[in-house]
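This report refers to the structure that appears directly beneath it.
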Ligand code: NAP
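In our numbering, the protein residues as written are -19 to 265.
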């Protein structure tokens, strides 16, 4: 029987854990900041582990949704101490393909399967269980856990071998950088003309230039509300990965580079924990 745990109860992990629990498949949760896990554990009625090691001793399917490459590797190392052979670890964090391969290799020594399964769809998608999930790894392992993944994602696509899920996510993040530049620049242009912003967003969202970011972040950004959402320091981390990958295949990514530099300025100014729509600050007069 599959027993499921999740590590990382941040903006994304909270909604994911809630959907796993609603589907009746969640056994245990862990979060580095204990209070978050205790509050959610009480709400969902699931076991709150005091460490990744304890969680790994209780379950045989482990989801990760943490911040960075080093965090994923640190947790994977901790899991190896207690994880049961035959378990599956599914990493939904956004990290590099290289990290996915490293994690898979560490776990393979314990006879544990690994899928890189980063997601797109924002906090809204995590809360509603309507994420898009791009998966790298053994297709048979994916099919074994697919019913569990379906409690969190409505579109689950197997891309290829380990690391290809993360490579696909890098494609997504490059696109997201360009969309952020286009939407913030265009809305600042509208604002400078004193156009009615809500009407602008309403009508453009329904046309060919409409997109998720405009629909979900357009109104809030023009009101100066940049509550995360997706922290821009995290998208910055992704764009560093994308630029490294771009260099390795000799593809220049000027939009990603510009966006990374803009984020660096915003991070220096103290906006790293704001949503990526805070890029609007650099565009408006
Ligand atoms: P977040 O709100 O900042 O949460 C990060 C989570 O990771 C927190 O639970 C944090 O624990 C935990 N964590 C970080 N480092 C850790 C470590 N060394 N050991 C244990 N736990 C650690 O981030 P998020 O928005 O949920 O994003 C999580 C991942 O999903 C990131 O890789 C991000 O790029 C990706 N993602 C985000 C979005 C989005 O829209 N937000 C969409 C798709 C993908 P604490 O509570 O103790 O800090």
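No residue lacks a Cβ here, since even glycine has one placed at the ideal position from N, Cα and C.
1. Helix, strand or coil: how does DSSP classify residue 103 here?
2. Along the chain, which unbroken stretches of the alpha helix (DSSP H) at least 4 residues long are found entirely within the region 144 to 213?
3. Taking the alpha carbon of residue 205 as the reference point, which residue from 128, -7 and 253 has its own alpha carbon closest?
4. Consider the C-beta atom of residue 12 and the heavy atoms of the ligand NAP; say whether any pair is separated by less than 7 Å.
5. Alpha carbon to alpha carbon, how far is residue 257 from residue 199? Give it in angstroms, no decimals.
6. With residue 140 as the anchor, note down where its beta strand (DSSP E) starts and where it stops.
7. So does the region 226 to 239 actually touch the region 165 to 183, counting three or more Cβ pairs closer than 8 Å?
8. For the ligand NAP, is there a heavy atom less than 7 Å away from the beta-carbon of residue 266?
9. Less than 7 Å between the CB of residue 210 and some heavy atom of the ligand NAP, yes or no?
10. Going by DSSP in three states, residue 68 sits in which element: helix, strand or coil?
11. Check whether the region 25 to 43 touches the region 139 to 146, counting contact only when three or more Cβ pairs, one atom from each stretch, lie closer than 8 Å.
12. Under DSSP, the alpha helix (DSSP H) around residue 41 begins and ends at which residues?
13. Could you tell me whether any non-hydrogen atom of the ligand NAP is closer than 7 Å to the CB of residue 254?
14. Any heavy atom of the ligand NAP inside 7 Å of the beta-carbon of residue 222?
15. Beta carbon of residue 112, beta carbon of residue 126: below 8 Å?
16. Would residue 231 be called buried (16 or more neighbouring beta carbons within 10 Å of its own) or exposed?
17. Per DSSP, residue 112 forms a beta bridge with which residues?
18. Which two residues bound the contiguous beta strand (DSSP E) that contains residue -2?
19. From the DSSP secondary-structure annotation, give me the bridge partner or partners of residue 95.
20. Out of -17, 121 and 78, which one is the CA nearest neighbour of residue 228?
21. Express the C-alpha separation of residue 216 and residue 22 in angstroms, rounding to a whole number.
22. Measure the C-alpha to C-alpha separation of residue 190 and residue 119 and round it to an integer number of angstroms.
23. Would you please state the rounded distance, in angstroms, between the beta carbons of residue 115 and residue 145? I believe it to be under 8 Å.
24. Can you give, in chain order, each stretch of the alpha helix (DSSP H) that sits fully within the region -1 to 39 and has at least 4 residues?
25. Report yes if the CB atom of residue 102 is closer than 8 Å to the CB atom of residue 251, and no otherwise.
26. Would the region 3 to 20 and the region 58 to 72 be scored as touching if the rule is three or more Cβ pairs under 8 Å?
27. Is the CB-CB distance between residue 265 and residue 172 below 8 Å?
28. Whose CA, out of 43, 160, 161 and 54, lies closest to the CA of residue 98?
29. May I ask which residues mark the beginning and end of the alpha helix (DSSP H) holding residue -16?
Quick look at the numbers:
1. helix
2. 144 to 172, 177 to 185 and 192 to 202
3. 253
4. yes
5. 10 Å
6. 133 to 140
7. no
8. Here the chain has residues from -19 to 265 only, and residue 266 is not among them.
9. yes
10. strand
11. no
12. Run containing residue 41: none in the alpha helix (DSSP H); it sits in the beta strand (DSSP E), 41 to 44.
13. no
14. no
15. no
16. exposed
17. 100 and 135
18. Counting along the chain, residue -2 falls outside any beta strand (DSSP E), though it belongs to the alpha helix (DSSP H) covering -9 to 2.
19. 70
20. 78
21. 34 Å
22. 34 Å
23. 5 Å
24. 14 to 24 and 32 to 38
25. no
26. no
27. yes
28. 43
29. No alpha helix (DSSP H) holds residue -16; the beta strand (DSSP E) holding it covers -16 to -13.
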